[in-house]
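S.K.: Structure incoming, see below.
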Amino acid sequence: MSAHARRRRLAAALWVALAAAGCKAEDPRLSPGGLYGAELNPPRPKPEFTLAATDSSRFDFRARTDGYLTLLFFGYTHCPDVCPVHMANLGAVMKKLPAPVTERIRVVFVTTDPARDTPERLARWLGNFDPSFIGLTGSQDEIRRAETAAGIPPAELDSAGQAGASDYTVGHAAFVLAYTPDNLLRAMYPFGTRQSDWAHDIPRLVQMTGPQVDVTDARVLAAPGAGVAAGYFTLHNRGDQPLTLESVAVAGVAAATLQEQRRAGNVVRVKPLGPIVIRPGKTVILEPGGIQLMLSGVRRPLQPGDTVRMTLNFEGQNPVLVEAPVRSYGEAG
Amino acid sequence: MKWWCSASAAPWEWVWRPYPGIWLFVLLVLVGYVRLRRSAPGEAGGANGWHTLAFAGGLGTLWIALDWPVGALGAGYLVSMHTVQYLLLHFAAAPLLLLGVPAEAWRALARGKAGRVLRTAARPLVGLIAYNAIVVVTHVPQVSDALMAQQLGNMLIDLAWVVGGLALWWPILAPAGVGRLTPPLKMGYLFACTIIPTAPAAFLTFADYPLYSVYELAPRVSGIAALSDQQTAGIIMKLAADPFVWLAMAVIFFRWSAEAEQEERARRAAIRRPASSRG
Chain S
1 MSAHARRRRL AAALWVALAA AGCKAEDPRL SPGGLYGAEL NPPRPKPEFT LAATDSSRFD
61 FRARTDGYLT LLFFGYTHCP DVCPVHMANL GAVMKKLPAP VTERIRVVFV TTDPARDTPE
121 RLARWLGNFD PSFIGLTGSQ DEIRRAETAA GIPPAELDSA GQAGASDYTV GHAAFVLAYT
181 PDNLLRAMYP FGTRQSDWAH DIPRLVQMTG PQVDVTDARV LAAPGAGVAA GYFTLHNRGD
241 QPLTLESVAV AGVAAATLQE QRRAGNVVRV KPLGPIVIRP GKTVILEPGG IQLMLSGVRR
301 PLQPGDTVRM TLNFEGQNPV LVEAPVRSYG EAG
Chain V
334 MKWWCSASAA PWEWVWRPYP GIWLFVLLVL VGYVRLRRSA PGEAGGANGW HTLAFAGGLG
394 TLWIALDWPV GALGAGYLVS MHTVQYLLLH FAAAPLLLLG VPAEAWRALA RGKAGRVLRT
454 AARPLVGLIA YNAIVVVTHV PQVSDALMAQ QLGNMLIDLA WVVGGLALWW PILAPAGVGR
514 LTPPLKMGYL FACTIIPTAP AAFLTFADYP LYSVYELAPR VSGIAALSDQ QTAGIIMKLA
574 ADPFVWLAMA VIFFRWSAEA EQEERARRAA IRRPASSRG
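Chains as they are written, first to last, in this note's numbering: chain S, 1 to 333; chain V, 334 to 612.
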């Protein structure tokens, strides 16, 4: 082979390699979970609030959106830019997604301007984007409580609005909160989210549910002033596939380790545990004297009445969020 | 990305706004034209009423394309209006401005320092590459979004389209001695120039979602959806631009045909004259 032919072959190979690398390159905008939205880790629970729907019925947000991908937005109909663009983009994408996906979505718009956004106006305005969009309203206090429950900063009228003028703007959070069907807030979408981003993320968010497991009787036992505590809960696999609890992350704690206590005579031996497998239909109980979650390096002294947020990580599944009340060792475990 | 809405982007309103930068640009083009005519030999630089009319038409189109409302709508609200700007600058303003300058003025300019640039730009391959490169690059969403986000970038795109239009039409309109294309080659060149812009037009028309964030995230104008606006832009880009080129091709063809006929008549007359003088 001549030097010229070798160079051409090398150049061709390099070109193919570069093209392949280019094809494999991942979008740097994607979150670790493969979303264009800002992913929350750990996810946050869906808030509970009740407001008035546009047909004047009471709308229990948590109950009425249970099991749906819920896209919650706080805005107002006189908004010149962010609110109509967010709603228009969501409406446009809803028209393109297949029915099995859109049937599992609830878009909920809570007005931050109840004085001007009458139920009729809200219904008409949302209907321009998609008739399935749900509009909610209430008193200023009710809306503020809903914002607080959702963990977003409260909306503010501009100075003209505060002075009683009829033409004013409302400053408000510009992001859409995405709650997956397992009622967890997994991602937030600021203004600037494109239709193509929604089209990519929504089918994934609809599929994002936690494992088929019931976590009950969660609690943390803490000795006053101690830097350690122990977590307990009951896991029941209600699915038809085995589940493997790989690890537990606990907020405000340096390390959370699964371990098993065994009493041999007067001696209690503690053995670290690997992943816990829960077979379909079976129950695993973490309880004093048996399996426990050892919490060490507790950063803030735990007091009875506190709540500890635990994230249970199951193999190949989305994490499960558990809020466990703190009890003292003296209470019945 | 914005996490707090404080209503910074203004919705479109039909309220006139001044754009002094555009006026200055139009004025500079006018000054350049007057100087070019004065530099040419002969009375009024060899210009007649048609030249003045063509230049006035070109300058007026340039102004309409860049100033309020077309320029403002195209800069930040509607991609379809941005495409109307593309159309006006490439296919109306540029050829009319070139036609407004008399051949003598061009030749005088070509004898000076600018001669090499004018002769090089009159080569069809140069025109083809320059025009297509400008069309393609300014329609790449990443490029367009990055430039359109700022006023300077927006002006750069407008300027690039003026230059693209001049590059497209100069090989056709350059006077003899500067340009060297024959009429059939001119028609072939114009046809070749319609091929590549089909790609961005097709992307605009058939994309599933809006391509440009500037327009997708802009306050809506009269309730026009972002995707419908983009599809309109794609249709305008292809279906409204091509007739300009076909019209130019038809004009070149009929002129060429008329010239050929005239030459044929002259040749026949020349043959007949010696015969009649013999009789």
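Glycine included, each C-beta is placed from N, C-alpha and C at the ideal position.
In the stretch 163-193 of chain S, which residues sit with their C-beta less than 7 Å from some C-beta in chain V, listed in chain order?
M.R.: Thr169, Gly171, His172, Ala173, Ala174, Phe175, Pro190, Phe191 and Gly192
S.K.: Short of 6 Å in beta carbon distance, which residues of its chain neighbour Gly289(S), apart from the five on each side in sequence? Order them along the chain.
M.R.: Here residue 289(S) refers to the residue found at position 289 when the first sequence is read from its first residue. Once the five neighbours on either side are set aside, the close Cβ partners of Gly289(S) are Gln261.
S.K.: I need the DSSP call for Arg513(V), collapsed to helix, strand or coil.
M.R.: Mapped onto the second sequence, residue 513(V) falls at position 180. It is coil, neither helix nor strand.
S.K.: Can we say the stretch 379-396 of chain V touches the stretch 452-463 of chain V, given the rule of at least three CB pairs closer than 8 Å?
M.R.: Taking one beta carbon from each stretch, the stretch 379-396 of chain V and the stretch 452-463 of chain V have fewer than 3 pairs nearer than 8 Å; the two do not touch.
S.K.: Where Leu411(V) and Val584(V) are concerned, what is the direct C-alpha to C-alpha distance, given to the nearest angstrom?
M.R.: Taking the first residue of the second sequence as 1, we reach residue 411(V) at position 78. Taking the first residue of the second sequence as 1, we reach residue 584(V) at position 251. Approximately 33 Å, taken between the alpha carbons.
S.K.: Suppose you measure from the CA of Ala447(V) to the CA of Gly521(V); what does that come to, to the nearest Å?
M.R.: Position 114 of the second sequence, counted from the start, is the residue given in the question as residue 447(V). Position 188 of the second sequence, counted from the start, is the residue given in the question as residue 521(V). When rounded, the distance between both Cα atoms is 27 Å.
S.K.: Can you round the beta-carbon distance between Leu35(S) and Leu177(S) to whole angstroms, since I take them to be within the 8 Å contact cut?
M.R.: As a position in the first sequence, residue 35(S) is number 35, starting the count at 1. As a position in the first sequence, residue 177(S) is number 177, starting the count at 1. No, Leu35(S) and Leu177(S) are not in contact; Cβ-Cβ is about 13 Å, not under 8 Å.
S.K.: The beta strand (DSSP E) spanning His172(S) covers which residue range?
M.R.: By 1-based counting over the first sequence, the position of residue 172(S) is 172. Looking at the DSSP string, the run of the beta strand (DSSP E) that includes His172(S) is Val170 to Ala173.
S.K.: Which residue's Cα is closest to the Cα of Ser555(V): Thr515(V), Trp336(V), Met334(V) and Trp347(V)?
M.R.: Against the second sequence, residue 555(V) aligns to sequence position 222. Comparing Cα positions, the closest option is Trp347(V).
S.K.: For Ala249(S) versus Asn313(S), is the C-beta spacing smaller than 9 Å?
M.R.: The sequence position of residue 249(S) within the first sequence is 249, counting from 1. The sequence position of residue 313(S) within the first sequence is 313, counting from 1. Against a cut-off of 9 Å, the Cβ pair of Asn313(S) and Ala249(S) comes out as a contact.
S.K.: Any C-beta of chain S within less than 7 Å: which residues of the stretch 347-367 of chain V qualify?
M.R.: none
S.K.: At a CB distance below 7 Å, what residues from the stretch 512-533 of chain V approach chain S? Give them in sequence order.
M.R.: For the stretch 512-533 of chain V, which is checked against every Cβ of chain S, not one residue is closer than 7 Å.
S.K.: Are the stretch 35-48 of chain S and the stretch 178-186 of chain S in contact at 8 Å, needing three or more beta carbon pairs?
M.R.: yes
S.K.: Using a cut-off of 8 Å between C-beta atoms, extract the partners of Ser590(V) located in chain S.
M.R.: Numbered from 1 along the second sequence, position 257 holds the residue referred to as residue 590(V). Here the premise fails: no neighbours, minimum Cβ distance about 48 Å.
S.K.: Measure the beta-carbon distance from Pro114(S) to Gly138(S) and round it to whole angstroms, keeping in mind my assumption that it falls under 8 Å.
M.R.: Indexing the first sequence from 1 puts residue 114(S) at position 114. Indexing the first sequence from 1 puts residue 138(S) at position 138. About 6 Å separates the two Cβ atoms, so the contact holds.
S.K.: Please classify Asp60(S) as buried or exposed, where buried requires at least 16 other C-beta atoms within 10 Å of its C-beta.
M.R.: Here residue 60(S) refers to the residue found at position 60 when the first sequence is read from its first residue. Classification for Asp60(S): exposed.
S.K.: Does any C-beta atom of chain V lie closer than 9 Å to the C-beta of Asn89(S)?
M.R.: Within the first sequence, residue 89(S) is the residue found at index 89, counting from 1. So yes, Asn89(S) belongs to the interface.
S.K.: Out of Ala558(V), Ile569(V), Gly512(V) and Val511(V), state which residue places its alpha-carbon closest to the alpha-carbon of Thr531(V).
M.R.: Within the second sequence, numbered from 1, the residue matching residue 531(V) stands at position 198. Closest option to Thr531(V), Cα to Cα, is Ile569(V).
S.K.: I need the DSSP call for Gln259(S), collapsed to helix, strand or coil.
M.R.: Mapped onto the first sequence, residue 259(S) falls at position 259. Gln259(S) falls in the strand class under three-state DSSP.
S.K.: What separation, rounded to the nearest whole angstrom, lies between the Cα atoms of Pro353(S) and Asp217(S)?
M.R.: In this structure chain S extends from 1 to 333, so residue 353(S) is not present and cannot be described.
S.K.: Would you call the stretch 430-439 of chain V and the stretch 373-382 of chain V in contact, with 3 or more CB pairs under 8 Å?
M.R.: yes
S.K.: Below 8 Å, how does it come out for the stretch 553-567 of chain V and the stretch 479-499 of chain V: are there three or more Cβ pairs, yes or no?
M.R.: As far as the Cβ criterion goes, the stretch 553-567 of chain V does not touch the stretch 479-499 of chain V, which means the pair count is below three.
S.K.: Hey, is Gly161(S)'s beta-carbon within less than 9 Å of any beta-carbon in chain V?
M.R.: As a working mapping, residue 161(S) is identified with position 161 in the first sequence. Output row for Gly161(S): interface = no.
S.K.: Looking at the C-beta of Val496(V), does it have a partner C-beta in chain S at a distance below 9 Å?
M.R.: Your numbering for residue 496(V) matches position 163 in the second sequence. Chain S contact via Cβ: absent.
S.K.: Buried or exposed for Glu147(S), going by 16 or more other Cβ atoms inside 10 Å?
M.R.: The residue given as residue 147(S) occupies position 147 in the first sequence. Buried: at least 16 other Cβ atoms inside 10 Å.
S.K.: Shortest alpha-carbon distance to Pro428(V) belongs to which of Ala438(V), Glu549(V), Gly445(V) and His384(V)?
M.R.: The count along the second sequence starts at 1 and reaches residue 428(V) at position 95. Nearest option by C-alpha distance: His384(V).
S.K.: Quick test of your reading: Trp336(V) and Pro552(V), contact by CB under 8 Å. State the CB separation rounded to the nearest angstrom.
M.R.: Numbered from its first residue, the second sequence carries residue 336(V) at position 3. Numbered from its first residue, the second sequence carries residue 552(V) at position 219. Going by Cβ atoms, the distance from Trp336(V) to Pro552(V) rounds to 19 Å, so no, they are not a contact pair.
S.K.: Could you tell me the distance, in whole angstroms, from the CA atom of Cys338(V) to the CA atom of Tyr168(S)?
M.R.: By 1-based counting over the second sequence, the position of residue 338(V) is 5. By 1-based counting over the first sequence, the position of residue 168(S) is 168. About 13 Å.
S.K.: Residues of chain S with a CB under 8 Å from the CB of Arg553(V): which are they?
M.R.: Translated into the one-based positions of the second sequence, residue 553(V) becomes position 220. Correct list: Pro84, Val85 and Ala88.
S.K.: So Ser196(S) contacts chain V; which residues on that side make the cut at Cβ distance below 7 Å?
M.R.: Here residue 196(S) corresponds to residue number 196 of the first sequence, with the count starting at 1. By Cβ distance, chain V contributes Tyr542.
S.K.: Does any CB atom of chain S fall closer than 9 Å to the CB of Met334(V)?
M.R.: Indexing the second sequence from 1 puts residue 334(V) at position 1. So, interface residue.
S.K.: Checking contacts by CB at 9 Å: is Ser477(V) closer than that to chain S?
M.R.: As a working note, residue 477(V) is residue 144 in the second sequence. Answer no: the Cβ-Cβ gap between Ser477(V) and chain S never drops below 9 Å.
S.K.: Measuring CB to CB, does Gln368(S) end up less than 9 Å from Val93(S)?
M.R.: Since the displayed chain S opens at 1 and closes at 333, residue 368(S) lies outside it and no answer follows.
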